[in-house]
Each structure stands twice: as C-alpha cells, then as structure tokens.
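*Asks:* Residue numbers (the numbering used here): 57 to 168.
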Amino acid sequence: MPAQRLERNEKHTEYRYFISSLPEDINLASRARRGHWSVESMHWHLDVTFREDYNTTSDKTAAQNHNIIRKWCLSILKLAELSLSIKRLSLKKKRFAIGLRPVKFLEEVLNA
57 MPAQRLERNE KHTEYRYFIS SLPEDINLAS RARRGHWSVE SMHWHLDVTF REDYNTTSDK
117 TAAQNHNIIR KWCLSILKLA ELSLSIKRLS LKKKRFAIGL RPVKFLEEVL NA
C-alpha cells in the first residue's frame, strides 16, 4: 500500500507490505488496517491512561468489571475533549483534572 506524506514541502511516498488472507481489494484491506489500529489505539490509551497492564486483579469477574469501567471512563474522557476547560490536556492529565472536581466535569460532559 502506498503511503504519502508531505514533509517540508516535499512529497514522500513509502510502500507498506502486508500479509493477509483477504481478497485483493485495496478498500477492504485499508478498512481492515484502520480498524486494527483503532483497536490498538484504544488498548494503548487504556494502558497509558489507566495503567491496565499493571492490574493484578486475580478474580476473573472483578478484572472484567474493571475493564468495562475503564473503557466507559475512556469514552467519558474522549467526550471531555469537547470541554473548553480541559481541551488541551493529555488523557492522563484530563483524568487527573476530572478527579479533582468530578461533579463539575461530569455535568459539563453530560450537558454537552
């Protein structure tokens, strides 16, 4: 797949090769690749923002419940990006800022 980017007014093209069992359809392959990276992006956010990899919960049900709560909180943090007061912070800093005044930010997010 050719990937093009513009850097210092120069156009650069690089080719990326993938091994797949999908039929030869560039649109299908592109959607599959983007879909995979959107999932990887969510897992990266869960690990960085909520330190999910360091979770030592041994009870399977509790671990699943924590995972659901973290994903729900991540979606709230993404909605908080619309908030004017914490718009330019990283998700980790947004989590901290919301933790300081949770009622204020929850009202902002729910009223948006």
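C-beta atoms are modelled at their ideal positions from N, C-alpha and C, and glycine is treated no differently. Since the model is a prediction, treat every value here as computed from it, not as a measurement.
Considering only residues of the segment 82 to 138, which uninterrupted beta strand (DSSP E) runs meet the minimum length of 3 residues and lie entirely inside it, listed in chain order?
*Replies:* Listed in chain order, there is nothing to give.
*Asks:* Just to check my reading of the structure: Thr105 and Leu147 have Cβ atoms closer than 8 Å, yes? What is that Cβ distance to the nearest angstrom?
*Replies:* Indeed, because the Cβ distance is near 5 Å, the residues count as touching under 8 Å.
*Asks:* Spatial neighbours of Asn121 within its chain, please: CB distance less than 6 Å, with the 5 preceding and 5 following residues excluded, ordered by chain position.
*Replies:* Closer than 6 Å at Cβ, skipping near neighbours: no residue.
*Asks:* Alpha helix (DSSP H) containing Arg61: first to last residue?
*Replies:* Taken as a continuous stretch (DSSP letters only), Arg61 belongs to no alpha helix (DSSP H), being part of the beta strand (DSSP E) at 58 to 63.
*Asks:* What do you reckon, are the CB atoms on Leu130 and His101 nearer than 8 Å?
*Replies:* Yes, the pair counts as a contact, with Cβ atoms nearer than the cut-off.
*Asks:* The beta strand (DSSP E) that contains Glu70, what's its start and end?
*Replies:* From DSSP, the beta strand (DSSP E) with Glu70 extends over 66 to 71.
*Asks:* Starting from the Cα of Tyr73, find the closest Cα among Arg89, Arg64, Glu63 and give me that residue.
*Replies:* Nearest option by C-alpha distance: Arg89.
*Asks:* For Leu145, collect the residues of the same chain with a Cβ closer than 7 Å to its Cβ; drop the 5 residues on either side in sequence, then sort them by chain order.
*Replies:* Result list for Leu145: Ala153, in chain order.
*Asks:* By alpha-carbon positions, which one of Val165, Leu133, Val159 ends up nearest to Lys150?
*Replies:* Closest by alpha carbon: Leu133.
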